[in-house]
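Numbering (my numbering), first residue to last: 10 to 91.
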């Protein structure tokens with residue numbers, strides 16, 4: 010990730026995705042259970058690590074997540090909508 014602004018934007022968006030997972034698990038537990046293919050706990054864990062360990066965030070892992078995990082997450086989230 011080339012600039013600090015891009016890095017911060019990507020990290021913030023990953024935190025938002027993780028927070029959305031927390032809210033879904035809390036507010037709609039039946040939905041979360043019915044869609045167990047979505048890695049709800051991993052999303053929550055990612056959010057917690059980035060939120061509470063910001064200065065220890067490994068940008069290589071963040072970029073790998075963006076490149077590999079997000080496309081898979083998008084596919085999994087689209088399945089209940091089909």
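All C-beta atoms in this analysis are idealised placements derived from N, C-alpha and C, irrespective of residue type, glycine included. Computed from a predicted structure; not experimentally measured.
In this structure, the alpha-carbon of residue 59 lies about 27 Å from that of residue 88. For residue 15, the closest of 37, 27, 71, 30 by C-alpha to C-alpha distance is 71. By the Cβ neighbour-count rule, residue 62 is exposed, with fewer than 16 other Cβ atoms within 10 Å of its own. Separation of residue 27 and residue 37 (C-alpha to C-alpha, rounded to the nearest whole angstrom) is 15 Å. DSSP, read as helix, strand or coil, puts residue 31 in helix.
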